[in-house]
Every structure is written in structure tokens, then in C-alpha cells.
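Trainee:
2 protein chains.
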Amino acid sequence: MALFISTFTNKLDKKGRVSVPASFRSALGDRLHLGIVVFRAHNHPCLEGFEWDRMDEISARLEHFDLFSDEQDDLATSVFGESVHLHCDGEGRVMLPADLIEFCALDDYATFVGLGRKFQIWQPGLFEERKKAARAQVRERRLTIPSDKGDKA
Amino acid sequence: MALFISTFTNKLDKKGRVSVPASFRSALGDRLHLGIVVFRAHNHPCLEGFEWDRMDEISARLEHFDLFSDEQDDLATSVFGESVHLHCDGEGRVMLPADLIEFCALDDYATFVGLGRKFQIWQPGLFEERKKAARAQVRERRLTIPSDKGDKA
DNA sequence: AGCCAGACCATGCTATCCCATAAATATCCA
DNA sequence: TGGATATTTATGGGATAGCATGGTCTGGCT
Numbered sequence: 001m002a003l004f005i006s007t008f009t010n011k012l013d014k015k016g017r018v019s020v021p022a023s024f025r026s027a028l029g030d031r032l033h034l035g036i037v038v039f040r041a042h043n044h045p046c047l048e049g050f051e052w053d054r055m056d057e058i059s060a061r062l063e064h065f066d067l068f069s070d071e072q073d074d075l076a077t078s079v080f081g082e083s084v085h086l087h088c089d090g091e092g093r094v095m096l097p098a099d100l101i102e103f104c105a106l107d108d109y110a111t112f113v114g115l116g117r118k119f120q121i122w123q124p125g126l127f128e129e130r131k132k133a134a135r136a137q138v139r140e141r142r143l144t145i146p147s148d149k150g151d152k153a
Numbered sequence: 154m155a156l157f158i159s160t161f162t163n164k165l166d167k168k169g170r171v172s173v174p175a176s177f178r179s180a181l182g183d184r185l186h187l188g189i190v191v192f193r194a195h196n197h198p199c200l201e202g203f204e205w206d207r208m209d210e211i212s213a214r215l216e217h218f219d220l221f222s223d224e225q226d227d228l229a230t231s232v233f234g235e236s237v238h239l240h241c242d243g244e245g246r247v248m249l250p251a252d253l254i255e256f257c258a259l260d261d262y263a264t265f266v267g268l269g270r271k272f273q274i275w276q277p278g279l280f281e282e283r284k285k286a287a288r289a290q291v292r293e294r295r296l297t298i299p300s301d302k303g304d305k306a
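Protein sequences appear in the order of chains A and B.
Taking this note's numbering, the leading residue of the first sequence gets 1, the next gets one more, and so forth.
Taking this note's numbering, the leading residue of the second sequence gets 154, the next gets one more, and so forth.
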């Protein structure tokens, strides 16, 4: 298993610690010790989370823009510049920095949302709305899972 | 055999466990140990179930969207965020989370309905009505199964 | 000294493992 | 063919390990 799946809501203690869902930790496998990367989402009041290895890939994707282009600069700045590298403690928790907690308006609980190869962290109430909105979008715009036709190998 | 067919009604014990029908388990073959994925159906008060492999497939297809695109986020939230990964114990049972049990109004029994490559889990009484409705639809609208002509390999 | 992050220890809950039983089905042998 | 014996399946329950959570302690940094 290598995907982040399901949603889990865990407690955020006074020190700013939350348990990373056990299934997320096992999805990371032996790469768990490398830690995870989180940063502010661009389109939502939530955090985006990736496994550490994935940053290489994101970096590579940025190369598709011209060097010194505004797009690359903007994306790189808001992704890499704002990223935080978090490590799990012995009990499988990470400590969320105060400014990130504030950004997504977390209070007592944090909801981890598995999105396949990435995950998000939401304030539970806000995520409920987000879930409805996402569902509505899928229905209204008739979004479907693309076939594998255009796949490169 | 690789398809889920027939319907089976098994007991849901107080711990929330239910036996996966033996024929479903053998349909999974050696992929049984990977577990199954279930999520709330969109059009019915029931759960939809797939073998785990389908998730890898969906994940790969989602990679065709840009990272952080609305399309990818909406789809991933609706599909991955709402999915639950279950695995069988030594006796061939799975544990259904309480919120899913509530969603499809299960009480003492759960009905597994084979639908080919997927299956559904219903509250027995509700499924009886659903069965009548489906039959009526097929008859009234003279629904038929399309040929394979237009298939892409 | 004072603060904070990280390491370490403790606890309650529950999911999971394992064993036992019973019914249904299959197998075998006379 | 009939009947007795395995095997599989569904189910129940107790024991255990894992997980989420809270707290304390310590060392480093300011």
C-alpha cells in the first residue's frame, strides 16, 4: 500500500502535536523516518502534505517552466519557500507550527484527508463544506477519471 | 472466477464485523490479502466495494491532471477522501466503521450484492425495494446491455 | 535562568488475532 | 447408494497488541 486514503480526525494538543493517522504512516513505509513536507494550499484554507521523496518530483515538474520565468519563480517561492519539513516523534505525531495552525483555522481537532499521493489537513468543519463542494463539482462538471490512453509507458 | 455475483446476507456482530461471502473472497484470489475498498454510494443508501487494485489504477489516471488543479483536487477528495480500506481477518471478516454502518442503516444483517467488478452492501430490507425498482426500470425502459463494438481494447 | 522542542513514559480504548462452536457442504468408502 | 467422516463457512468471544492521547523530563538555545 502506498496511497493516502480516507479521512481521519485527530486531536491537536496544546503543544500543537497531532497523530499522523496510522494508515498514512504505514503508507510511507520505511520512508517514514524521512519525514513529511507540508505547506499552505493555494486554493483552500488547508495544508498540503507530501512524503519527503515527492519534493524531487515536484521540483522536476517546475522545470517545465522557463528558468527565470515568473511562473517558476512564483510557484517555487510559494511551494518550496513555504514548505516545512516535519518529523514524527516516537508515537507517530508531528508538531504543527503555530502559523500553519492559524492559517487553516485549526482548533481542537485536525482532519487528515487522503488524496492518493498527497494529503491535506483541514479544520473539521471547513472540510465538511469542502467535501460537499467537491462532490458538487464532480457532479456538475461531470468530472470523470481519465482513461490511461495518453499514458507514457 | 473473477466476478462478484449473487447476493448473500450475513450477520453483523456487535463489534461491527461481517463475513465477506466466501465466493467474493475466492473471486479476489490472491489479491484478497490486499484488502478491499468501500465508500458511500452516490445514488443509494448503500456502500460500494472494489478490490484494492482499482485504487492504484485510479491514482495513476489522476496523475493526468496537473498537481493542484481543481479537477484533480475535486476528484481526489470525492474518491480517495471518502474511501475506506478494509482488510479481512483470519476468518474472512471485515470490520465496518460505525459511520458507514449508520450511513446505510445497517442493523443486524448486511446484504452483499455482486455487481460484476464491484459489489454493494445493503441493509436487507432496503435492498429488497431496490431490487424491485431496478427490475421495474429494466422492464419499463427496456434497458439492454451494449455490445463491445466501440471498445478501446 | 527561562523557554521550547524533542525524547520518553503512562493510560485507556479498540481493532485485530486467535481459538472455539455450529451448521452446511463436500468427500469417501463400503 | 447411503451413511459416516472431513472440510469449509459463518459466527461468537476472550486475549493481546496497536493506536491516539496526555503528561513529564531533559537538553539546547537565547
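Each residue gets a CB set at the ideal place from its N, CA and C atoms; glycine is no exception.
For the stretch 234 to 260 of chain B, which residues have a CB atom closer than 8 Å to at least one CB atom of chain A, in sequence order?
Mentor: For chain A, the residues of the stretch 234 to 260 of chain B that bring a beta carbon within less than 8 Å of one of its beta carbons are Gly234, Glu235, Ser236, Val237, His238, in chain order.
Trainee: Quick check on Thr7 (chain A) - is its C-beta less than 8 Å from some C-beta in chain B?
Mentor: yes
Trainee: DSSP has Ser172 (chain B) in a bridge; who is on the other side?
Mentor: B:Arg246
Trainee: With a 10 Å radius around its C-beta and 16 neighbouring C-beta atoms as the bar for buried, classify Ile101 (chain A) as buried or exposed.
Mentor: buried
Trainee: If you check the beta carbons only, do Leu228 (chain B) and Ile58 (chain A) fall under 8 Å apart?
Mentor: no
Trainee: Are the stretch 252 to 267 of chain B and the stretch 197 to 211 of chain B touching by the rule of at least three beta carbon pairs closer than 8 Å?
Mentor: yes
Trainee: Between Lys15 (chain A) and the rest of its own chain, which residues show a CB-CB distance below 8 Å, the 5 nearest in sequence each way excluded?
Mentor: Met95
Trainee: Tell whether a beta-carbon distance below 8 Å holds between Ala22 (chain A) and Gly92 (chain A).
Mentor: yes
Trainee: Terminal residues of the continuous beta strand (DSSP E) containing Phe203 (chain B)?
Mentor: 200 to 204
Trainee: Which residues of the stretch 49 to 74 of chain A have a Cβ closer than 8 Å to any Cβ of chain B? Give them in chain order.
Mentor: Ile58, Arg61
Trainee: In chain order, what residues of the same chain lie with their CB nearer than 6 Å to the CB of Pro277 (chain B), ignoring the 5 residues before and after it?
Mentor: Thr162, Tyr262, Thr264
Trainee: Is the Cβ of Gly116 (chain A) closer than 8 Å to any Cβ of chain B?
Mentor: yes
Trainee: Could you check how far apart the C-beta atoms of Ser231 (chain B) and Ala134 (chain A) are, in whole angstroms? I think they sit under 8 Å.
Mentor: About 5 Å separates the two Cβ atoms, so the contact holds.
Trainee: Looking at chain A, which residues of the stretch 281 to 293 of chain B have a Cβ within less than 9 Å of any of its Cβ atoms?
Mentor: none
Trainee: Among the residues of its own chain, which have a CB less than 8 Å from the CB of Gly269 (chain B), if the five just before and after it don't count?
Mentor: Leu156, Phe157, Ile158
Trainee: Starting from Ala136 (chain A), trace the alpha helix (DSSP H) in both directions and tell me its first and last residue.
Mentor: 124 to 140
Trainee: By alpha-carbon positions, which one of A:Arg31, A:Ala136, A:Asp99, A:Phe119 ends up nearest to Trp52 (chain A)?
Mentor: A:Arg31
Trainee: List, in chain order, every chain B residue whose beta-carbon is nearer than 8 Å to that of Leu28 (chain A).
Mentor: Correct list: empty, because the minimum Cβ distance to chain B is about 15 Å.
Trainee: Applying the criterion that 16 or more other CB atoms from any shown protein chain within 10 Å of the CB defines a buried residue, is Arg294 (chain B) buried or exposed?
Mentor: exposed
Trainee: For Ser300 (chain B) and Glu282 (chain B), what's the separation of their Cα atoms in angstroms?
Mentor: In this structure, the CA atom of Ser300 (chain B) is about 29 Å from the CA atom of Glu282 (chain B).
Trainee: May I ask you to report which of helix, strand or coil DSSP gives Thr77 (chain A)?
Mentor: Taken through DSSP and simplified to helix, strand or coil, Thr77 (chain A) comes out as helix.
Trainee: Kindly indicate if chain B contains any beta-carbon less than 8 Å away from that of His33 (chain A).
Mentor: no
Trainee: So what does DSSP say about His186 (chain B), is it helix, strand or coil?
Mentor: helix
Trainee: Can you find the residues in the same chain that come closer than 8 Å, C-beta to C-beta, to Asp66 (chain A), ignoring five residues on each side of it along the sequence?
Mentor: Gln72
Trainee: Given this structure, state the Cα-to-Cα distance separating Asp166 (chain B) from Met55 (chain A), to the nearest angstrom.
Mentor: A straight line joining the alpha-carbon of Asp166 (chain B) with that of Met55 (chain A) spans about 45 Å.
Trainee: With distance defined between alpha-carbon atoms, name the residue in B:Gly182, B:His186, B:Lys164, B:Lys302 nearest to Gly243 (chain B).
Mentor: B:His186
Trainee: Can a CB atom of chain B be found closer than 8 Å to the CB of Pro146 (chain A)?
Mentor: yes
Trainee: Do Val20 (chain A) and Lys11 (chain A) have their C-beta atoms closer together than 8 Å?
Mentor: no
Trainee: Please report the residue range of the alpha helix (DSSP H) in which Leu100 (chain A) lies.
Mentor: Per DSSP, Leu100 (chain A) belongs to the alpha helix (DSSP H) from 98 to 103.
Trainee: So Phe39 (chain A) and Glu82 (chain A) are in contact, right, with Cβ under 8 Å, and what is the actual spacing, rounded?
Mentor: 5 Å
Trainee: Could you tell me whether the Cβ of Val38 (chain A) comes closer than 8 Å to any Cβ of chain B?
Mentor: no
Trainee: Within a Cβ cutoff of 8 Å, which residues of the same chain sit near Pro250 (chain B), ignoring the five residues on either side of it in sequence?
Mentor: Gly169, Val237
Trainee: In chain order, what residues of the same chain lie with their CB nearer than 6 Å to the CB of Gly114 (chain A), ignoring the 5 residues before and after it?
Mentor: Phe4, Ile5, Ser6
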